[in-house]
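Presented below is the structure to which this report refers.
4 protein chains.
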Amino acid sequence: MSNVAYDAYREDVAGRANVQDTPELLEYYGELERLGTAALWTVANKIEPWQPKSQSVPMIWRYRELREHVLRSVSLVSPEKAGRRVIYLDNPGRRDVAAAVGWLYSGLQVMHPGEAASAHWHSSSALRFIMEGAGAYTIVNGHKMTLGANDFVITPNGCWHEHGVEEGGLPCIWQDGLDIPLANAMEAGFFGVHPDLHQAVGHPVDDSVGIWGAPGLRPQDARWSAPYSPLFKYQWEPTYEALLNYAGAAEANPYDCHLMNYTNPATGGHVMSTMGASMQLLLPGFAGKAHRHTGSFLYQVAKGSGYSIIDGRRFDWREHDIFCVPSWAWHEHVNASQTEDACLFCFNDLPAIEAMGFYREEALADNGGRQPVMA
Amino acid sequence: MSNVAYDAYREDVAGRANVQDTPELLEYYGELERLGTAALWTVANKIEPWQPKSQSVPMIWRYRELREHVLRSVSLVSPEKAGRRVIYLDNPGRRDVAAAVGWLYSGLQVMHPGEAASAHWHSSSALRFIMEGAGAYTIVNGHKMTLGANDFVITPNGCWHEHGVEEGGLPCIWQDGLDIPLANAMEAGFFGVHPDLHQAVGHPVDDSVGIWGAPGLRPQDARWSAPYSPLFKYQWEPTYEALLNYAGAAEANPYDCHLMNYTNPATGGHVMSTMGASMQLLLPGFAGKAHRHTGSFLYQVAKGSGYSIIDGRRFDWREHDIFCVPSWAWHEHVNASQTEDACLFCFNDLPAIEAMGFYREEALADNGGRQPVMA
Amino acid sequence: MSNVAYDAYREDVAGRANVQDTPELLEYYGELERLGTAALWTVANKIEPWQPKSQSVPMIWRYRELREHVLRSVSLVSPEKAGRRVIYLDNPGRRDVAAAVGWLYSGLQVMHPGEAASAHWHSSSALRFIMEGAGAYTIVNGHKMTLGANDFVITPNGCWHEHGVEEGGLPCIWQDGLDIPLANAMEAGFFGVHPDLHQAVGHPVDDSVGIWGAPGLRPQDARWSAPYSPLFKYQWEPTYEALLNYAGAAEANPYDCHLMNYTNPATGGHVMSTMGASMQLLLPGFAGKAHRHTGSFLYQVAKGSGYSIIDGRRFDWREHDIFCVPSWAWHEHVNASQTEDACLFCFNDLPAIEAMGFYREEALADNGGRQPVMA
Amino acid sequence: MSNVAYDAYREDVAGRANVQDTPELLEYYGELERLGTAALWTVANKIEPWQPKSQSVPMIWRYRELREHVLRSVSLVSPEKAGRRVIYLDNPGRRDVAAAVGWLYSGLQVMHPGEAASAHWHSSSALRFIMEGAGAYTIVNGHKMTLGANDFVITPNGCWHEHGVEEGGLPCIWQDGLDIPLANAMEAGFFGVHPDLHQAVGHPVDDSVGIWGAPGLRPQDARWSAPYSPLFKYQWEPTYEALLNYAGAAEANPYDCHLMNYTNPATGGHVMSTMGASMQLLLPGFAGKAHRHTGSFLYQVAKGSGYSIIDGRRFDWREHDIFCVPSWAWHEHVNASQTEDACLFCFNDLPAIEAMGFYREEALADNGGRQPVMA
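Chains as they are written, first to last, in the numbering used here: chain A, 1 to 375; chain X, 376 to 750; chain G, 751 to 1125; chain V, 1126 to 1500.
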């Protein structure tokens, strides 16, 4: 006991804990410990930091490096054995919870034509962003959806879901995003396998798009009270067109150029309760200013190339690369091309952060709003 | 006094007023009247009917009859003199409040190329549905919109607004819908003329469509907390396409086939606080069943031809005709064509009815859900 | 036709209708009329006033004048014959709709010990404010409540309800408030008599108070999603105590001194969808400033004496007197006593006015915020 | 690398990962690791459990054991040195995050008459439950509150707050509850010290109770849009009285007897965004059935004595004892007295759990709803 320092976090600032270890105190701390207690002032400055310091490491996963390994998994394991054949992104600072950033899990799933994974549900929410291939589909609560490149799909908390690729299609790769680490952290993770292993499809294919995917229109008969979007698929073409229209109608945001959040058309809110998602357009030559905010963010490059500076380090990216911005990390995004636009897909934990009242943001005031970049 | 009957509404039903006039009571009633009071039982059965009986008369206004008179107004009065050059629909049962049905006003406004009405605001909410012409525009709070056939536009309560037709356009006619009678009934009608008579346009033309008109996407920078839609214009082409998609994805409603409500994308709710609007698709051969509900409804035929049976009377309609369904009137809609679809635009007072808890509906149980039609 | 003036509402103001009748126009107006239409500019200035002018007349009903007439009704009609034995307040400007002010009905109901009225429901919302007697009760959807002086009780839209006075009680008088005129105006009035004429009481007496009447506490098991308060009775003693506490904790409002709205504890909102209610405390010597706002208001003096100046006329009031403030009427309230406080109960149509976006208010700027009083 | 087992979590169930390590796979896993990735099937069954298994240990902290140690801290450290002089509850399963259960921190704070801690704010929400003493006060955003035994007080996220005991009072002990671990887990923890170290008090003492603490009444002038309750203090006496009234008006819940949630009177919702709180009454002889649900719960015995069975272990408790129920732990509460009632104060993370859609519950079906108790 005597060689443990309890005063490692002392700060000589009024209002902060500043208690030096003494023999009497050390004895006292030992008694407290035997009662399942401890003295707050020994940890207060540690557990109440002046501002957040994320455990996640800013990093990038480059598709040109990952792709062959993802494809190789097809020959190594079957979907039946693997459950889902996914290579997941393992942030060095979050390895213990299998997260890519913060409490967000992400992986690249690959399926060959004719393959189908079994149906299951979990209390994690999931989303997918389609990267390549042809013939992929997802079935959510009996609603089947076809999936094309850059389509965004949700499979919310508690819904039966399964994926596959049609015979005659091409090998497909998509990014999965889930809040598995968050569900585990909140000690609320449940999982169930479908009794028939596969769902019956009881609706026209892509019906959620036909019913809920119209601009400014709400179907009279389609009641909706679930806490997630009734629109399960957001297609790339109208999304990209919407961004171009938005850019023509409004001024660019200094940090994000033109960013649109995928939204629940029944409420105007986030698509799911724990994870939000967005697509943003960086116009040719756009060089955003730096800001930081709470929340964890995982980006995929949907179009174009450029770089982001995250906490002073530069990450160059091109199509299909994935990178993360941890909570309270400074970040700025740059489209390196003067002629072509770039698009960044992103998902995040903002719905949870906002619901808990934890969102805060700050603009970088110094240096014209640009971070100095480490060599 | 003695020759007034106070017992005209007697009903011999337990729980209803059933008091016969007597000399003593008549004297009593006279005393009450001198105190600014009266006996409830003399009017209870009148003011508490078993179910609503609308003062509005079901009727149709045929465009082929109205059009020439509307156009003739151009030569008779200037916009400057008229304020707005509008021929309004005057329901015989609602002439005292200048309503087309219930508490809803509607009229046909005509403007020639180069004409412009002055800017004003009122506590009434307004909407427009474009019928013919080219070059029309509306400016709402400095946001200018171009208007094409079958476009639907809102100018909400309290917003500055003005209309005109560009030089080089064609004579334009559109339908106005307002809740003027409702605002007056609620004793809440205010009106103001813009100090400059015209607004400065401070945004890209049609910017609300570029910013808010995308399916399932919400612009990050566009905060919105006003009690009306930030999307001011709903264009015909995507609306019609949405209805076709909806029809391909969901079963037809027995009364309305496929009906979509114009919606506030920021909330998923009605476009304004007092008036809602919808567009519905009647597939070829669709013959709806009869139902009735509270609320007042004014239809315009946006496409095709057919008929509606309203409280037992048949109203044949074709493009641009306008007809009304009063509160609690039985109604059924039929597309008379076996090959072409029909579309009905409609606006109503449902937001007010719903907010006050006054919505009720009933299906016709008899006769296979079809009304007998009067000769 | 020729002797009708269509230009009676002309205004010589830019942006307002200013069209003089001509023979050609008169002929045109006649043609329009035959088509069920009319020219907006002939009525525009009338139906779009610069500000509201209520049809209701500010007035007061004095209890010392009314009471004997109310009591006399007991000997004149039975509850069975009358349905409800009520003398209602008949505003001269609203006689056609049997309203006390705006679209609000009110009356004084009297019942003798042992009497009971039959159970019914209607789409009107109702409230009661108890004035005198002992042993009165109300049953709402099977929940029985005992009623004491100055208690406030709701019987919302669609609920079965009935009233009576226990054997061994005293003759009771209470004020009824209903939105019957509003329900009729919106053409949404339904009425039903209970098949058994009386409800079974299926809960402990006053259970809604026990379950929902606690400050800052919500019962875990009592789910609630109806659009009205689950708390059906608001008792006088805690209400008066709350006002005294409020007065000790916050500054007086310049117009209303200390006013608290009866609220739905499940939402913090109004008690019902169409009618709100409040109790306000005027401290000794309080002399409020004048303001005006939309909405119709009916006051009952719950305690003390004083006067109100409404659109320049002074109305002296004392306990149990009832007076109205029409929409957009200037009003100021004064407690005439320097030693005793005064309390005003009030009910109004604010929930409807607010939901429709029709609320506006204005302070009197001139004369130190006090109205000149007519001789 | 070769001696690491990647297949430790295999399950032989359709739909679950069941991949055996092979030399080829081990080599593959090594390659993935070098790319900052891993194979989902090696961890899937671990990170997606069939149901939650909390890291927190069910336990009890007995006040008769803790009290002397808490009091002793007064002589060991000053509030100035300690920041706050608190002995916190250190769950053995959550020692790394200093939590009493789940992500909830709690401690016992002691102050002597004349002592005052400095003012600060943090993005954690805090609450207090007063245990003993006299003269304690809290100041939140300039609003001062006096604190008596069993009073419940909130100091929400972002508010300046400070505590002290008046000269002439008695030594005070209260329980603090904070979401510090949750704020840290979400990487959203901020902290600030008040520039003057103490706030100016700008309102009458206990004004939030006077303004917002009335049953079924809402102050007209007190606007409120913050995401936490404007009522900062919930006093014991009206709370206990409310529970007795509730017990007289409604049937007992099989698990919780009569439980009321402290509520935000402006919304009817939880008092803060991350933490809720409740007080429950266990009638004499009440023996609750067992159920389990997600969320973390920390109880303090406010009155009486009894025991709880948590995941099969019995914890006897009496006044001021504190015990925890981890997520998804079976639990049942028993009042051991046949003559006196017992009250349990509880705070929890339900607002966060519910907002994220993670709430689930289950009743124990076997054994008459009672858990077998471990010897």
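Here a beta-carbon is modelled for each residue, glycine too, at the ideal position from N, C-alpha and C.
Less than 7 Å separating the beta-carbons of residue i and residue j?
i: alanine 677 (chain X); j: cysteine 632 (chain X); result: no
i: valine 57 (chain A); j: serine 296 (chain A); result: no
i: arginine 128 (chain A); j: aspartate 176 (chain A); result: yes
Assign residue i to one of three DSSP states: helix, strand, or coil.
i: arginine 218 (chain A); result: strand
i: serine 856 (chain G); result: strand
i: asparagine 1085 (chain G); result: strand
i: leucine 364 (chain A); result: coil
i: tryptophan 549 (chain X); result: strand
i: valine 1199 (chain V); result: helix
i: glycine 508 (chain X); result: strand
Who are the Cβ neighbours of residue i in its own chain at under 7 Å, not counting the five residues just before and after it?
i: phenylalanine 982 (chain G); result: Val890, His893, Met895, Val903, Ile904, Ser958
i: serine 123 (chain A); result: Asn157, Gly158, Ala183, Ala188, Gly189, Phe190
i: proline 1034 (chain G); result: Asn1085, Ser1087, Gln1088, Thr1089, Glu1090, Asp1091
i: serine 702 (chain X); result: Pro427, Ser429, Gly477, Thr669, Gly670, Ser671
i: serine 2 (chain A); result: Note that serine 2 (chain A) scores 48 on pLDDT, short of 50, meaning its location in the model is unreliable; the coordinates nonetheless yield the value given after this. Once the five neighbours on either side are set aside, the close Cβ partners of serine 2 (chain A) are Leu26.
i: arginine 1068 (chain G); result: Val1051, Ser1055
With a threshold of 7 Å between beta-carbons, can residue i be considered close to chain V, or not?
i: glycine 93 (chain A); result: no
i: glutamine 1050 (chain G); result: no
Beta-carbon within less than 8 Å of residue i's beta-carbon, same chain only, minus the 5 sequence neighbours each way: which residues are those?
i: tryptophan 330 (chain A); result: Ala290, His291, Arg292, Ile309, Ile310, Asp311, Gly312, Leu364, Gln371
i: leucine 1191 (chain V); result: Ile1212, Leu1233
i: alanine 252 (chain A); result: His258, Leu283, Phe286
i: alanine 788 (chain G); result: Tyr779, Leu782
i: asparagine 420 (chain X); result: Tyr384, Arg385, Glu386, Arg391, Ala392
Could you tell me whether the Cβ of residue i comes closer than 7 Å to any Cβ of chain X?
i: asparagine 245 (chain A); result: yes
i: glutamine 1130 (chain G); result: Lying before the first or after the last residue shown, residue 1130 (chain G) is absent from chain G, which here runs from 751 to 1125.
Only counting the same chain, and skipping five residues up and downstream in sequence, which positions put a Cβ closer than 6 Å to that of residue i?
i: asparagine 525 (chain X); result: Trp611, Ala677
i: arginine 1485 (chain V); result: Thr1419
i: glycine 1327 (chain V); result: Gly1267
i: proline 629 (chain X); result: Lys664
Does chain D have any CB closer than 7 Å to the CB of residue i?
i: alanine 200 (chain A); result: Absent from the structure: chain D. Protein chains present are A, X, G and V.
I'd like to know whether the C-beta of residue i is nearer than 7 Å to at least one C-beta of chain G.
i: proline 602 (chain X); result: yes
i: glycine 1373 (chain V); result: yes
i: asparagine 1460 (chain V); result: no
i: glutamine 1496 (chain V); result: no
Closest Cβ-Cβ distance between residue i and chain A: below 7 Å?
i: serine 1127 (chain V); result: Model confidence at serine 1127 (chain V) stands at a pLDDT of 48, short of 50, so the residue's coordinates are unreliable; what they give is reported in the following sentence. No - not a single Cβ of chain A is within 7 Å of the one on serine 1127 (chain V).
i: serine 1433 (chain V); result: no
i: glycine 1341 (chain V); result: no
Exercise for the section: Pull out every residue of the region 119-153 of chain A whose Cβ sits closer than 7 Å to any Cβ of chain V, in chain order. Expected result: Taking 7 Å as the upper bound on Cβ-Cβ separation, chain V lies near residues His120, His122, Ser123 of the region 119-153 of chain A.
Exercise for the section: Select from the region 393-407 of chain X all residues with a C-beta closer than 9 Å to any C-beta belonging to chain G, and list them in chain order. Expected result: Hits within the stretch, in order: Asn393, Val394, Gln395, Thr397, Glu399, Leu400, Tyr403, Glu406, Leu407.
Practice task
Could you run through the region 74-106 of chain A and flag, in chain order, every residue whose CB is less than 9 Å away from some CB of chain X?
Solution key: So nothing in the stretch comes that close.
Problem - Contacting positions in the region 1390-1422 of chain V - beta carbon closer than 9 Å to chain A - result: Taking 9 Å as the Cβ-Cβ cut-off against chain A, the residues of the region 1390-1422 of chain V that qualify are Met1397, Ser1398, Thr1399, Thr1419, Gly1420, Ser1421.
Exercise for the section: Could you list the residues in the region 718-733 of chain X with a C-beta less than 7 Å from some C-beta on chain G, going in chain order? Expected result: Answer in chain order: Ala727, Ile728, Ala730, Met731, Gly732, Phe733.
Practice task
Closer than 7 Å, Cβ to Cβ, to anything on chain X: give me those residues from the region 797-808 of chain G, in chain order.
Solution key: Listed by position, the residues of the region 797-808 of chain G near chain X (Cβ gap below 7 Å) are Ile797, Glu798, Pro799, Trp800, Gln801, Pro802, Ser804.
Practice task
Output, in sequence order along the chain, the residues in the region 160-192 of chain A whose CB is closer than 7 Å to any CB in chain V.
Solution key: Taking 7 Å as the Cβ-Cβ cut-off, the region 160-192 of chain A approaches chain V at Ile180, Ala183, Asn184, Ala185, Met186, Glu187, Ala188, Gly189, Phe190, Phe191, given in chain order.
Practice task
Using a Cβ-Cβ cut-off of less than 9 Å, give me the residues of the region 1003-1014 of chain G that come near chain V, in sequence order.
Solution key: Listed in sequence order: Asn1003, Asp1006, His1008, Leu1009, Met1010, Asn1011, Tyr1012, Thr1013, Asn1014.
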